[in-house]
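In what follows, a single structure is set out as structure tokens and then discussed.
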Amino acid sequence: PELKTDKEVVLTVVSHNGLLLQYAPHELKADREVVLAAVSKKGSALKYASRELSADREVVLTAINNNIKALKYASPELKADREVVLTAVNNDIKALYYASPELKADKEVVLAAVSKKGSTLQYASPELRAEREVVLTALSNFGRALQCTPELQSDREVFLTGFNNDIKKLNNATPEFRI
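Following this line, the structure appears as structure tokens:
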């Protein structure tokens, strides 16, 4: 028998290097135990998992806890799953980039991301990029987030919050605030 069709051999191999899942036969890419071993070692191995396992909550959560970019390979349903995306955002704010459009418009999810790193405001929905509370939260740790929100650039409090956190962003101010 070929070694790559031997489940025990494949489990051993992917437990050391999850990306080697790509060379496993389809039936082992659909084997939950094999895929969990792979994504536990290398989250981005989710890319090689079967469609069914890319939609398995436990498999995806294991993968994103190992590597946030694994969210990219999750099923559309899990990219739209609030708990999954909040877990991902709490691990790495860049996860908002891979979230579904619905969750990019979810105020709680976006606030969780921008409170850690204001630059993630760029991935939020246009409506939330114009939402004062969200913008102020983003500006509190990244003044240049003002670039993402032309609608609020002439708002005094928004301007001052951004300015106090990044003097270079003055170049992005509306004309009435330029000195």
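So for the sequence shown, this note's numbering puts the first residue at -18; every next one is plus one.
C-beta: ideal position from N, C-alpha, C; glycine also.
DSSP-derived helix/strand/coil call for Asn122: On the sequence shown, position 141 is the one that residue 122 refers to. Asn122 falls in the coil class under three-state DSSP.
Expected contact under 8 angstroms - CB spacing of Ala111 and Leu133 to nearest Å: On the sequence shown, residue 111 is found 130 positions in, with the first residue counted as 1. On the sequence shown, residue 133 is found 152 positions in, with the first residue counted as 1. Cβ atoms of Ala111 and Leu133 come within 8 angstroms of each other, at about 6 angstroms.
Lys98 - containing alpha helix (DSSP H), residue span: Stepping through the sequence shown from its first residue, residue 98 is reached at position 117. Neither: Lys98 is in no alpha helix (DSSP H) and is coded neither H nor E.
DSSP-derived helix/strand/coil call for Thr130: Here residue 130 corresponds to residue number 149 of the sequence shown, with the count starting at 1. Secondary structure of Thr130 (DSSP, three-state): coil.
Residue from Gly99, Glu89, Leu42 whose Cα sits closest to the Cα of Ser21: Taking the first residue of the sequence shown as 1, we reach residue 21 at position 40. Checking every option, the nearest Cα to that of Ser21 belongs to Leu42.
Cα-Cα separation, Glu14 to Arg113: Your numbering for residue 14 matches position 33 in the sequence shown. Your numbering for residue 113 matches position 132 in the sequence shown. Computed Cα separation, rounded: 46 angstroms.
Buried/exposed call for Ile109, threshold 16 Cβ in 10 Å: Taking the first residue of the sequence shown as 1, we reach residue 109 at position 128. One detail in the question is off: residue 109 reads as Leu in this sequence, not Ile. With a 10 Å radius around the Cβ and a threshold of 16 neighbouring Cβ atoms, Leu109 comes out buried.
Given 8 angstroms, three or more beta-carbon pairs between the region 113 to 130 and the region 95 to 105: The region 95 to 105 and the region 113 to 130 touch, with three or more beta-carbon pairs separated by less than 8 angstroms.
Length of the line joining the Cα atoms of Asn122 and Leu77: To locate residue 122, count along the sequence shown from 1; it is residue 141. To locate residue 77, count along the sequence shown from 1; it is residue 96. As the crow flies, the alpha-carbon of Asn122 is around 17 angstroms from that of Leu77.
Rounded C-alpha distance that separates Tyr104 from Ser31: Numbered from 1 along the sequence shown, position 123 holds the residue referred to as residue 104. Numbered from 1 along the sequence shown, position 50 holds the residue referred to as residue 31. Answer to the nearest angstrom: the Cα atoms are 28 angstroms apart.
Continuous alpha helix (DSSP H) stretch holding Lys(-12): start and end: Counting from 1 along the sequence shown, the entry for residue -12 is found at position 7. Counting along the chain, the alpha helix (DSSP H) containing Lys(-12) begins and ends at -12 to -3.
Alpha-carbon to alpha-carbon, Thr118 and Leu27: Numbered from its first residue, the sequence shown carries residue 27 at position 46. Numbered from its first residue, the sequence shown carries residue 118 at position 137. Using only the alpha carbons, I get a separation of about 33 angstroms.
Start-to-end residues for the alpha helix (DSSP H) that takes in Pro82: Indexing the sequence shown from 1 puts residue 82 at position 101. First-last of the alpha helix (DSSP H) with Pro82: 82 to 85.
Reduced DSSP category for Lys10 - H, G, I as helix; E, B as strand; rest coil: By 1-based counting over the sequence shown, the position of residue 10 is 29. Helix at Lys10.
Delimiting residues of the alpha helix (DSSP H) encompassing Asn71: Start at 1 with the first residue of the sequence shown, and residue 71 comes out as number 90. Per DSSP, the continuous alpha helix (DSSP H) segment holding Asn71 begins and ends at 63 to 72.
Sub-7 angstroms separation of Asn48 and Ser81 beta-carbons: Mapped onto the sequence shown, residue 48 falls at position 67. Mapped onto the sequence shown, residue 81 falls at position 100. No, Cβ-Cβ distance for Asn48 and Ser81 is not below 7 angstroms.
Secondary structure, alpha helix (DSSP H): runs of 4+ residues fully inside the region 35 to 62: Secondary structure within the region 35 to 62: the alpha helix (DSSP H) runs of 4 or more consecutive residues, fully enclosed, are 38 to 47, 57 to 60 (chain order).
Boundaries of the alpha helix (DSSP H) in which Glu108 is found, first to last residue: Along the sequence shown, read from residue 1 onward, the residue named residue 108 stands at position 127. For Glu108, the enclosing alpha helix (DSSP H) covers residues 107 to 110.
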